[in-house]
Ligand SMILES: Cc1ncc(C[n+]2csc(CCOP(=O)(O)OP(=O)(O)O)c2C)c(N)n1
Ligand SMILES: Cc1ncc(C[n+]2csc(CCOP(=O)(O)OP(=O)(O)O)c2C)c(N)n1
Ligand SMILES: [Mg+2]
Ligand SMILES: [Mg+2]
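Protein chains in written order, with the working numbering: chain A, 1 to 312; chain B, 313 to 624; chain C, 625 to 968; chain D, 969 to 1312.
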C-alpha cells in the first residue's frame, strides 16, 4: 500500500512538473516556476506520514509539498495559469501556492520567511491542546537567514509540535553551500538551538517516511523537542524556470547524474507490478490532462478582482 | 605591571559609574544610563590585550569597554551631560558612545545591531591585510537575535580577525536566560556556526586576559577561525538607571551577593601594595573630578548644531 | 482613567471575552508590565496567554502571524517602535499580504502594539515614529489614538478586526487622563475626531502631537484665532473627509506629526486633503514634525527636534495672519515632557 | 549602451580608479551577474573585491556598514528591493544614523543597489517599490535613475559620496538604450531632469514610470496637449525647485510613481510642490502609482495594477480638459513589458 501511495504521489508530482516544462514555452503560464523535479521524494516521504488535519508551510518551490499534502491539483494548475478558478483566483501564482482547506498553508517568495509562521501555527496547536503537527519545508539557503535561528529557538523553548524539513540540495540559486556557510553541518546548528536533528544522506523515501512517522507520533504526544530532518537531495532543473543549466558552469551534469541514477520514482516503481503501475499512471495522466484542460479553459479573473480580498 | 593596569582600569570604571550613580538624581544627566558595575572585568581583561589600533564595538551598556579601550573620559562625561564638548557634541548620550580616534567604534541602543558592523570592520582589515583585530561586546540577549547567527556565519566563512565577547549576565532586562533560550549553551551555538568558542565560568580577569592575548595573537596572524568567548558575569545594578532592583522580584540580592563577594576590583587591589593602590586611586579620583567638572562647566550645543553632521 | 489603564482594561476585557486573544512581548509579564499596560494580566489569565519573548523581533512577529493564521488573535507588543524595523519583512511581506496573495483564504487577526519614545535622551533609535512606512503598505491598518477613550475603543476594535493592525502608542501619552466607560465599546477605524471646533485654521495632530495642538489652540484663542483641532486617530484608513471638511471651512491646514515630514503622514494628509478639495481649490498649509535629522540626546537639541505648542501656535498664526509679526508666546515646556525622567 | 552596461561600466571604472570600492551581493559573481550588471567583474578585479554573500540580508548589510566605517566603499546589491525589508534595521537605525549619532566622527560611504521587479507574475513580494520608506529617513540618499546616462553618472556619484545611498534600478529599464559617455562623469544628487518641454501639464515620473510618461506625452501631443515630462531622478534630496517651476508654468501636475501613492513619493512631491508654490496658489494635480492592493500574479490583474501610457495620458488629459470626454487611446502594451518573459 505504501509503495502504491508513494508511487502515485511521486509519479503525479513528476508528471505535473514535466507538463509544466513542456507547456512553459507556450507562454501561457506567465509567472516564475521553481521545479522540484528530483526532490519530490522529500515531500512525499514526509507528507505520507501526516494526517489531513496536519499543516505544512513551504517555499516558492511549492509544487511537491503542495501536491503531496493533498493540495487541489486543478486549482493549482489554474493558479499557475493565472485563472479565476485558481486556488487564489490568480493572485498567488506558483510562488504563493496555498490550499488551507487541505492544510497547505502557503508559500513565500522571500527565503526562510514562512518558517516563523509555521512555528506560530504550532504554538496555536499547542495552546489549544490539539494533537496536530506542523511541518515546514525550506532549503539549505534558508538556514543562513537569522530568522531560521530565531524560529528554532522559539520552537524549542516552547516545545512545539513542529517538524523542520531542510531540503538540502546544496545550492542557493547558483551558489554552493560551501561558499555560503562556514560550517555546512545544519543538524549541528539545529541541535545547538535545542532541537533534535538528523540527516538523511540519501534520498531514501522509506527511511524518511519511517523517521517522520516516529517523530510525528512523538510530537503529537508532546513527548519530544521539535525536530529537524535534513534531507540531502538534488535539483535536476535550473533554479527557476523549466530548463537545465549544466552548461552554465556552476555545477556539472555529472554531479546530477548520480542522483538521477538513484531516481526514487524508478526505485519505488520497480517495486510495483506492471499492472498496478499502469493503473496508477493512467489515472494520474488522466487527472493531469483534465487539470490542465480545466486551467486552460478557465476564464481570467475579472478586472474588479484586483480590489477584492485585501482586507477581511 | 598587569596588576596595576588592571586595577587602574577597574577602579576607574567602577568609580566613574559610582559617580554617575551619585549624580544621576540631580537630573543633570538627562539620558538613560546602563551601568556595568560588577561586569567591568570583562572589558578590562579583554581590552588590556588589545593594541590602540585595534577596534571595539559594543552596546548601550557602553561605559566599561569604552573606557577600557581608551575612550576619552572627559568627552564621555560631557557627552552624558549632553554638552557641546562631548565626544559626539551631545548627540550620542550614553547609548551611542563612540570614540573612533581611540578605536571605540560605537554603540547602539538596538540589541545585537553592532555585531555585523564589527564583522564588516574586520572584513576591511582582512582585505587590507592589516594585522589589527576587532572585538565586539554584546550581552546574552543579543544571542537571540537572528543577526547574531548571520554575523557569526559571515565571520567564520571569511575567517575574519574578530573576537566576539558575550557578556552573559544571564538577564535581558528582567528575563532570565532560561526563559528565553531553549538551550543556554551559547558556545555550542557559536561552534555550530564555525567559530572557536570557550566559556569563562568565573570572572577571572587574569584568565580572560591570557586567553584573549592568545586568541588575538592567532587572529592577527590569520591562523584561526574567529573566536567567541562567553564570560559569565553579573549586573549589580538595575538594567537601566542608577538604582538597585532586588526588591522587584525577578532576581534576588542573594544571587548577586556571591558575585559581589568575588569582586574582581577587590581581588586585583589586594595584590597591590597600599602605596601603589593609593597612588592609582588618587590619580583616578582626580581625573574623574576633573572630568565631571569639565562636563558640568561645558556649554550646551548651540541650536544650529541640531542640523550639523547629518551628511558627510 | 489613564491611557495606560485604558490599554490594560481593553486587553483584559477582550481576553476575558474571547479566549483566542493572547499577549506576547518582551517583558509583558515582568514587574513593569509594558509601562503597566500588561500589569497583572499574566496572573489573571495565566502564563500561557501572557508571555515573555526572546529578543527575536522578526521571528516572533512571524510566530504571531502564524498563530493568527491558525485562528488565534495575538497582541504582540514592542516597547519601542524602532524595533519594528527588525520585523519589517514579516509585517510588510507576510502579514500585510497573506490574505490577498492567498486569494482571501486566510485571515491575519494580529495587533502589533508599538510605543513611540520621546524625551530624556531617548536618542536616535528610541524615538522614531515610523507610521508612514506602515501607512504606505496596503493590507495593514494603522492607528494612533491620543486619548484614553480612543485607546480603549480602538484597541478593542483592533483586536476584533481580522486584519493586521499597527497600534501606535506614545510614551508621553501614558499618563493622560480621560473618562473611559467601563463597558466594552469599539471606536471605528477611519474616523478622525474633532477635539475643538474653530473657523480660522485646522490643526491636525497625530498621536502626542494632538496634545500639543490643543495647547497651541488655547494660545491661539487668546490671540483671537479660532483653531479647529482634529485628532487624526486612524492613519490608515485615513478620515480624509473630516479633515477636508474642516479645511474647506477654515481654508488653512497645519498638520503636526510625531514623525518626519518628508514622505510622512503629513505629506499624505496635505495631498489627500488637496485631492478631496479638488486640486484647484487653494488653501494655505504647513507641515510640522521632527526636524529632518536624527534625534539627538542633548536636552536643548532634543527640544528643538520636536514641534511644541509655541512653534505650533506661531505657525498657525502665520497661516492665518501672514503679514502680521510672529506671535510671541512664552515657551513653557509641556508638563508631561518636563516631568518625564525616563530612563525609558 | 544599455542600462545594464551603464551600471556595469560605472562600477568597473570606479573600481579601477579607487581600490576601496568593492561589490558584494548574492550572485554577483555567478554566470548571470546581477542581470549582467556585475558580469565579469570578479574576473577583472578578483574575488576579493567582487563576492557572493550568504542569504543574510540584515547581517550582510551590517557588514557593509562596518566595512564603510572602516574606510572601504562597498556596493551591496539586491536582486529585489523587497529583500531590503529584511535589512531595515541596519539601513535605518544604523547606516542612516551613524554619522549624526556619533557626532560627525564617522562616515558611511555605502551604496545599496536594489531592483524593483515587474511583470511575468513577480507577484506580491518581488514587485515592490519601497523608496518612500527610505526617503522618509534623514541620513539616507535615494536615487532612481531611469536612463543609462543617469544610471552611470549617478552610480559614480553615489560611490564617491560619503553617505549611504539607496540606488534603485528597475528590472524593465535594464534593456533601455541611450548614449553614455565612455569617460567617468558624475550626475549630481538633487537634480531632476526635464525630458520633454511642455506647457499644459507637468508629468513627473519615477524610475520606469518615466518611460511610460514619455509614451503618454507622445499620445497627448497627438491630441494637442503639450506635456512637460520630468524625470525625478533623485528622490532624496528631491529637486522641488525644478518640479515647482514646471508646475508654476503648466498649472497642472501628474505624478506617476512605481510604488503605492499613500504616503508615497507622489504624496511628497505634491505636498512639496504645493509648499514651494505657496499653499494658496492652486494647481490641478493627480497621483498615480500601484493600485492600493498587493501585486497579483495573474496577467490581466497585474496589468491593471500599474499605470500605463494610456491611463497616464487619460489622466493628464482630464487635468487639462476636465470637461471633455475621456481620451480614447488604443492600449498597446509597452514593448519592454510585452517582451519580458521572466522568470525574473
Ligand atoms: C530573503 C531573500 N533573499 C534572496 C532571495 C533570492 N533567492 C530566491 S531563491 C534563493 C535560493 C534559496 O536557496 P534554498 O533555500 O537552498 O532553496 P532552493 O531554491 O535551493 O530550493 C535566493 C537567494 C529571496 N527570494 N529572498
Ligand atoms: C532589538 C531590540 N529589542 C529589544 C530591545 C529592548 N532591550 C534593551 S536592552 C535589552 C536586554 C538585552 O539583554 P542583553 O543582550 O543580555 O544585554 P544586557 O542588558 O544584559 O547587558 C532589551 C530587550 C532593544 N533595545 N533592541
Ligand atoms: Mg538549496
Ligand atoms: Mg544580559
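For glycine and all other residues, C-beta sits at the position ideal for the given N, C-alpha and C.
The structure displayed is predicted, hence computed values, not measured ones.
query, result
"Give, in chain order, every unbroken run of the alpha helix (DSSP H) that is at least 4 residues long and sits entirely within the segment 167 to 233 of chain A.", "186 to 192, 205 to 220"
"In terms of residue numbering, what span does the alpha helix (DSSP H) encompassing residue 686/C cover?", "681 to 693"
"Am I right that residue 858/C and residue 816/C are in contact with their C-beta atoms under 8 angstroms? What's the rounded C-beta distance?", "7 angstroms"
"Quick one, which residues of the segment 991 to 1008 of chain D are near chain A if we go by CB-CB under 8 angstroms, in chain order?", "994, 995, 998, 999, 1000"
"Could you tell me the boundaries of the alpha helix (DSSP H) in which residue 399/B lies?", "Unbroken run through residue 399/B: none, as it is neither H nor E."
"Based on the DSSP secondary-structure assignment, which residues constitute the bridge partners of residue 860/C?", "766/C"
"Do the CB positions of residue 127/A and residue 691/C come within less than 9 angstroms of each other?", "yes"
"Identify each residue in the segment 470 to 499 of chain B for which the Cβ-Cβ distance to at least one residue of chain F is less than 7 angstroms, and report them in chain order.", "Protein chains A, B, C and D are contained in the structure displayed, whereas chain F is not."
"So with Cβ pairs under 9 angstroms, would you call residue 1129/D a contact of chain B?", "yes"
"Give me whichever residues DSSP pairs with residue 697/C in a beta bridge.", "645/C"
"Relative to the C-alpha of residue 749/C, which residue among 818/C, 941/C, 739/C is closest?", "739/C"
"Does residue 1198/D come out as helix, strand or coil in the three-state DSSP assignment?", "strand"
"Less than 8 angstroms separating the Cβ of residue 262/A from some heavy atom of ligand 3?", "no"
"For the candidate residues 203/A, 311/A, 226/A, 36/A, whose alpha-carbon lies nearest to that of residue 258/A?", "203/A"
"What's the C-alpha gap between residue 1222/D and residue 179/A?", "48 angstroms"
"With a threshold of 16 other CB atoms inside 10 Å of the CB of residue 328/B, please say whether the residue is buried or exposed.", "buried"
"Around the C-beta of residue 487/B, are 16 or more other C-beta atoms found within 10 angstroms, so that it is buried, or is it exposed?", "buried"
"Counting Cβ pairs closer than 8 angstroms, one from the segment 455 to 473 of chain B and one from the segment 1026 to 1034 of chain D, do we hit at least three?", "yes"
"In the DSSP assignment, the beta strand (DSSP E) including residue 35/A goes from what residue to what residue?", "Run containing residue 35/A: none; DSSP gives neither H nor E here."
"Kindly indicate which three-state DSSP category residue 752/C falls into: helix, strand or coil?", "coil"
"Using the C-alpha atoms, what's the distance from residue 1026/D back to residue 1296/D?", "48 angstroms"
"So is residue 149/A buried or exposed if we call it buried at 16+ other beta carbons inside 10 Å?", "buried"
"Could you tell me which of 191/A, 306/A, 227/A sits nearest to residue 1269/D, measuring between CA atoms?", "306/A"
"Using DSSP with H/G/I as helix, E/B as strand and the rest coil, what is residue 1127/D?", "helix"
"For residue 252/A and residue 63/A, I'd like the C-alpha separation in whole angstroms.", "25 angstroms"
"Between which two residues does the beta strand (DSSP E) holding residue 1082/D run?", "1079 to 1084"
"Determine the closest residue to residue 1313/D out of 1149/D, 1207/D, 1142/D, with distance taken between C-alpha atoms.", "This structure does not reach residue 1313/D, given that chain D is present from 969 up to 1312, and the question cannot be answered."
"Classify residue 893/C as helix, strand or coil using the three-state DSSP reduction.", "helix"
"Hey, how far is the Cα of residue 77/A from the Cα of residue 242/A?", "15 angstroms"
"Along the segment 1082 to 1094 of chain D, what residues have a CB closer than 7 angstroms to any CB found in chain A?", "1088, 1089, 1091, 1092, 1093, 1094"
"What three-state label does DSSP hand residue 912/C in the structure shown?", "strand"
"Where are the alpha helix (DSSP H) runs, 4 residues long or more, that stay fully inside the segment 108 to 154 of chain A, in chain order?", "115 to 127"
"Nearest-angstrom Cα distance between residue 353/B and residue 606/B?", "27 angstroms"
"Shorter than 8 angstroms, the distance from the beta carbon of residue 138/A to the closest heavy atom of ligand 1, or not?", "yes"
"Please list the partners that residue 119/A has in chain C, where partner means a Cβ-to-Cβ separation under 8 angstroms.", "683, 686, 687, 690"
"What are the start and end residues of the alpha helix (DSSP H) that includes residue 269/A?", "264 to 270"
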